[in-house]
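So the structure is just underneath, and the comments pick up after that.
Protein chains in written order, with the working numbering: chain H, 16 to 253; chain U, 16 to 253.
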């Protein structure tokens, strides 16, 4: 029976444009007591540090709390709903989220962080970097914090991944009573992002967590944009 | 730094109406190697076994794969969308999900399982039962598998809870750079349900999992219906 462990990587420090994020993660993991990376780990990295390392930072008026709003319009390909200052829109990636994924928390005053241009590619680069830096074959998920249409509160989901399935398809496998199962395409990559968030906290400055013990059959080539993002023509509410 | 472990409880067996589910969970946990329950654990129980124990079973024509559809209409207070056989509706609890949460998987042929009448109450009863049966102070989450509006694949979410916060409100706490945070009401109860699903699998007959190591400040009175379910007047898409 599988047993997962989930732990944060401390001591990564503030990330700046051009930093070698994979190297910093590998070093911090190795420096921690009992946090060294191992083959088969799923390393979950928050969008904010990926965007900083990739220099997706844009200057904004530090005295205007709405100064990032023009960026929200710029980064949206379709606005679905507005209420007050809140914009629910579709990004160029196809994500539907608040304010095109742009916010000012955990970014230095006077700057806003945009989403990575291609978060799956970001995940692949980090995976390659961790292989080179730490000698381990891990999966990488880039996570972000999204709201939900029908439920209050936010949860972390995957916006990019590498080395792990976005969706695990159990359709057609038998359930515990030997009947063919019905809707069972499980978005494991989002469940892994959610599990990682539980040890990160939003304010504690731990932007990377590891999920260890994941089903080895899930550790294949995968991505978020093709597997998880629902095409606009397929949903029932756009 | 927090470190979570997540593990399934095996050997619970097929649940039938009237079974003492708390007693069966306590016994199975104690019988497993290294799965005994401890104070502070979050015990995640799938809706299907809760519904069976509470006799929320309704006979359906075993030869008609759509025989549960009249039940879907009956259990819906508002139908939001239809596409083919799929109904997205709001249940009496306020959940928005496919087919009013009714499906035929992991239920004996000829029967459909409805959602518990009050899943928060179900969670409270299980929590009380585990205290009585195993002498432990645990939190309980009743989980179910829901789709998402904008993303493919399903994930597990909480439909009821007891002894754990539905939402942890980090608004107004400082982020890692000392700035006041913005949207930070985290639905930890849904992230815990998602983490538990990672060790259950859909077809493996493990309807209960434990998350150990959860932040002690989250272990307070909580519930899903008031905290997590978004009121119809508050969402932007109903």
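Each residue gets a CB set at the ideal place from its N, CA and C atoms; glycine is no exception. Predicted model only: the values in this text are computed from it and were never measured.
- With respect to the C-alpha of residue 206/H, the residue from 226/H, 51/H and 221/H having the closest C-alpha is 226/H.
- Chain-order list of chain H residues neighbouring residue 205/U: 163, 166, 168, 170 and 209, by C-beta distance under 9 angstroms.
- At least one CB atom of chain U sits nearer than 9 angstroms to the CB of residue 250/H.
- Of all residues in the region 80–104 of chain U, the ones placed with a Cβ closer than 7 angstroms to any Cβ belonging to chain H are 96, 98 and 103, in chain order.
- Per DSSP, the beta-bridge partners of residue 175/H are 157/H.
- Residues of chain U whose Cβ lies closer than 8 angstroms to the Cβ of residue 30/H do not exist; the shortest such Cβ separation is about 11 angstroms.
- Closest option to residue 155/H, judged by alpha-carbon separation, among 166/H, 108/H, 140/H and 147/H: 140/H.
- At a C-beta separation below 7 angstroms, residue 232/H has no neighbours in chain U, since its nearest C-beta there lies roughly 11 angstroms away.
- DSSP places residue 107/H outside both helix and strand once states are collapsed to three, so it counts as coil.
- In summary, residue 48/U is exposed, with fewer than 16 beta-carbon neighbours lying within 10 Å of its beta-carbon over all protein chains present.
- Taking the CA atoms as reference points, residue 125/U sits about 14 angstroms from residue 86/U.
- Using a Cβ-Cβ distance cut-off of 8 angstroms, the region 229–244 of chain U and the region 127–145 of chain U are in contact, since at least three pairs of beta carbons, one from each stretch, lie closer than that value.
- Boundaries of the alpha helix (DSSP H) harbouring residue 140/H: 134–149, taken from the DSSP string.
- Between the alpha carbons of residue 52/U and residue 229/U lies a distance of about 14 angstroms.
- Counting of Cβ neighbours within 10 angstroms places residue 81/H among the exposed residues, the total staying below 16.
- Contact between the region 161–178 of chain H and the region 206–215 of chain H is established, with three or more Cβ pairs separated by less than 8 angstroms.
- Linking residue 202/U to residue 76/U through their CA atoms gives a straight-line distance of about 38 angstroms.
- Going by beta carbons, residue 30/H and residue 64/H fall inside the 9 angstroms limit.
- Contact residues of the region 34–53 of chain U toward chain H are absent (C-beta to C-beta distance below 7 angstroms).
- Around residue 114/U, the same chain offers 87 and 102 as residues with beta carbons nearer than 6 angstroms, after the five sequence neighbours per side are excluded.
- The residues 68 and 70, in chain order, have a CB closer than 8 angstroms to that of residue 33/H in the same chain once the five nearest residues on each side in sequence are set aside.
- For residue 244/U, a Cβ of chain H is located within less than 9 angstroms of the residue's own Cβ.
- Assignment of beta-bridge partners to residue 17/H by DSSP yields no partner.
- Put simply, of 165/U, 246/U and 216/U the residue whose alpha carbon is nearest the alpha carbon of residue 250/H is 165/U.
- At a beta-carbon threshold of 9 angstroms, none of the residues of chain U lie near residue 174/H; the nearest stands roughly 11 angstroms away.
- Within chain H, no C-beta atom comes nearer than 7 angstroms to that of residue 107/U; the closest sits roughly 15 angstroms away.
- With three or more CB-CB distances shorter than 8 angstroms, the region 145–154 of chain H counts as touching the region 36–47 of chain H.
- Counting only runs of 3 or more residues that sit fully inside the region 81–129 of chain U, the beta strand (DSSP E) segments are 91–98, 101–106, 111–113 and 126–128, in chain order.
- The alpha-carbon separation between residue 62/H and residue 123/H amounts to approximately 15 angstroms.
- The residues 244, in chain order, have a CB closer than 6 angstroms to that of residue 109/U in the same chain once the five nearest residues on each side in sequence are set aside.
- From the beta-carbon of residue 214/U, the residues of chain H found nearer than 8 angstroms are 16, 17, 18 and 19.
- Between the C-alpha atoms of residue 161/U and residue 112/U there is a straight-line separation of about 6 angstroms.
- Between residue 54/H and residue 183/H, the C-beta gap is not smaller than 9 angstroms, which leaves the two residues out of contact.
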